[in-house]
Each structure stands twice: as structure tokens, then as C-alpha cells.
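Student: Numbering (the numbering used here), first residue to last: 7 to 292.
Structure representation (C-alpha cells):
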């Protein structure tokens, strides 16, 4: 090839350099696309683990931006650069830009939407966080909820012909999330006869043990024992959502701070759980 031939072909690089440049852009685009995929996948997988291991919303947005810049921006730059340059040889002049264009399309479809979706989600999340607590979440303080659920729970246990002091019922609290994603507190009342519960606290060490009602009470008798408790909760505004064989069932108080309740089969346990309540002293355990 003469110097005149090179001038006729333009200012492009010689054939060998052209192919090397095209090959470099293709290889770099492939690597950038795989790195972008890995970065996006790592960000998505962080949401499947414990909350403490999850990437922040801003971190995920940054990861998606970098992934899109690599998987879409690098092949696009290669395509534009190779199109501007005149290359000798078909593999450099046609194949390189075509491959880069295909990689650009693949990166655009798989990576480019991610930062936009994350941005929309962050905007919606910010709008939710700006909302005040609902009436249901402020209907009771945690102290009031503890007192009222204990009173209601003791009445439910008594309605089944049981004694909430033997074994003693428990009232506990746990952290939860309000509708605006703030940290709140839920109250839980629980009572359970269970295997090995003593008939009298004084006989806990040496006295006779009471077997689980499941082993001694037939279904019909268990249903008879638990039915008054179900009716009591329904009178308090709960709705029966599921009935168990052997009596009892699951109940819910829609639109009420008291949340949900469970009456165990054969009158063997009671569980009352409030909804998430506003608590200035709540600590985010995540």
C-alpha cells in the first residue's frame, strides 16, 4: 500500500492500528458491561439480606449510575469513536462498531432503567416519610396499650375458664415500622398453658404437671371452651378471619390500634398484638 493510498483512504489509522483500536473498544465494552452487571446485582442482592447489610438508598442509586455509565456509556463511546474514524479492513471498519452498538443496546436495556427506577422509588419513599403518623398509630401511648391489652387479655383467658396468673401472662413490646417508615413500638400480650405448666406456682418445683390441652381435650370440648373468648373479642370489635379445628381462630380489628388476636385450639393459648404505635422512646434496632 502506498502513501497515496493512505491519503485517499483519509486520515484514519493504518490497518493494524485500526483493528487493534476496534478490538480494544470491543474488549473494554464487554468488560465494562460485565462489571456493570456485577455492581447492579450486588446492589439488588443486598436488599435480600439483613436490614443492617442493606445498601443505603443513596448508595444503591450511586451503584446504578456507575453501572449504567460502565455498561451503557463505555460501549456507546466506543461506537461513536469507531464511527468517526476511518478504518482499513472490514473487521475494523464494520464489525467493531456493530459489536459496540449491540453491547450499547444490551447495556441500555438491562442497566439504564435502574437509576431512573431507583430515583422514582426514593422520591416516593421521601413523600411517605414526610407524612404524619396515622390516627391509628397515635390512638394510644405504649403505656396505655400495655394496660388495655393486659386487661383485655386477662378477660379473654377468663372467658375460656382459665387463669391468666397460672401460668402468668406476659406483656412485651417490640420495635416496628410506622406507615411513614419511622420507628414505633408494638405491644404483645401472650398466655399459654403448654406442656409442663404447673397447676399452682407453689408446686412448680415438685408439684404435678399439667399436660397440654391438645393431649386431653377433644375438638368439641375445645371449641366449647374457646368460643366464649372468640365472642368476647367480636364484641370488642374484632372480626374472625380464620377458624381453627378444635376451636379458636385468628381475628383482626381493622382500622383499630389493637391489630390482631389469636385464640389457640382447645383454649390452650391467647395472643393479642397491637398495631405499630408512635413511641418517642423507640430505638431502631436495625
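The C-beta atom is built at its ideal place from N, Cα and C for all residues, glycine as well.
These figures come from a predicted structure and were not determined experimentally.
Exposed or buried, what is residue 17 when buried is set at 16 or more other beta-carbons lying within 10 Å of its beta-carbon?
Tutor: A caution first: residue 17 carries a pLDDT of 46, below 50, which makes its placement in the model too unreliable to give a value.
Student: Of the choices 139, 107, 124 and 59, whose alpha-carbon is the least far from that of residue 79?
Tutor: Nearest C-alpha to residue 79: 107.
Student: For residue 106, does the three-state DSSP call read helix, strand or coil?
Tutor: In the structure shown, residue 106 sits in a helix (DSSP, three-state: H, G or I).
Student: Whole angstroms is fine: what's the gap from residue 248's alpha carbon to residue 256's?
Tutor: Rounded to whole angstroms, residue 248 to residue 256 spans 5 Å at the Cα level.
Student: Which runs of the beta strand (DSSP E) spanning at least 3 residues fall entirely within the stretch 231 to 259, listed in chain order?
Tutor: You should have 245 to 249 and 255 to 258.
Student: Look up residue 178 in the DSSP assignment and give the residues it is bridged to.
Tutor: For residue 178, which the question treats as bridged, DSSP gives the partners 194.
Student: Leaving out the 5 sequence neighbours to the left and right, which residues in its chain are closer than 8 Å to residue 293 when beta-carbon positions are compared?
Tutor: Because the chain is modelled from 7 through 292, residue 293 falls outside the range shown and cannot be assessed.
Student: Please report how far the alpha carbon of residue 193 lies from the alpha carbon of residue 290, in whole angstroms.
Tutor: Approximately 16 Å between the Cα atoms of the pair.
Student: Classify residue 284 as helix, strand or coil using the three-state DSSP reduction.
Tutor: Looking at residue 284 - three-state DSSP - the assignment turns out to be strand.
Student: What would DSSP say about residue 227, mapped onto helix, strand or coil?
Tutor: Helix, per DSSP.
Student: What are the start and end residues of the beta strand (DSSP E) that includes residue 276?
Tutor: Element bounds for residue 276: 275 to 279.
Student: CB-CB under 7 Å to residue 252, same chain, minus the five flanking residues each way: which ones, in chain order?
Tutor: The answer, listed in chain order, is 225, 228, 229, 271 and 272.
Student: Could you tell me the alpha carbon to alpha carbon distance between residue 148 and residue 140, rounded to whole angstroms?
Tutor: So the two alpha carbons sit approximately 15 Å from each other.
Student: What do you reckon, are the CB atoms on residue 143 and residue 283 nearer than 8 Å?
Tutor: Going by C-beta atoms, residue 143 is nearer than 8 Å to residue 283.
Student: With a threshold of 16 other CB atoms inside 10 Å of the CB of residue 85, please say whether the residue is buried or exposed.
Tutor: That one is buried.
Student: Whose CA, out of 40, 136, 82 and 87, lies closest to the CA of residue 110?
Tutor: It is 82.
Student: State the Cα-Cα distance for the pair residue 238 and residue 178, rounded to the nearest angstrom.
Tutor: Cα-Cα distance, rounded: 22 Å.
Student: Which of the three DSSP states is assigned to residue 147 in this structure?
Tutor: Three-state result, residue 147: coil.
Student: Assuming residue 67 and residue 125 are in contact, meaning their beta carbons sit under 8 Å apart, how far apart are those beta carbons, in whole angstroms?
Tutor: Between residue 125 and residue 67 the Cβ distance is about 6 Å, and since that is below 8 Å, they are a contact.
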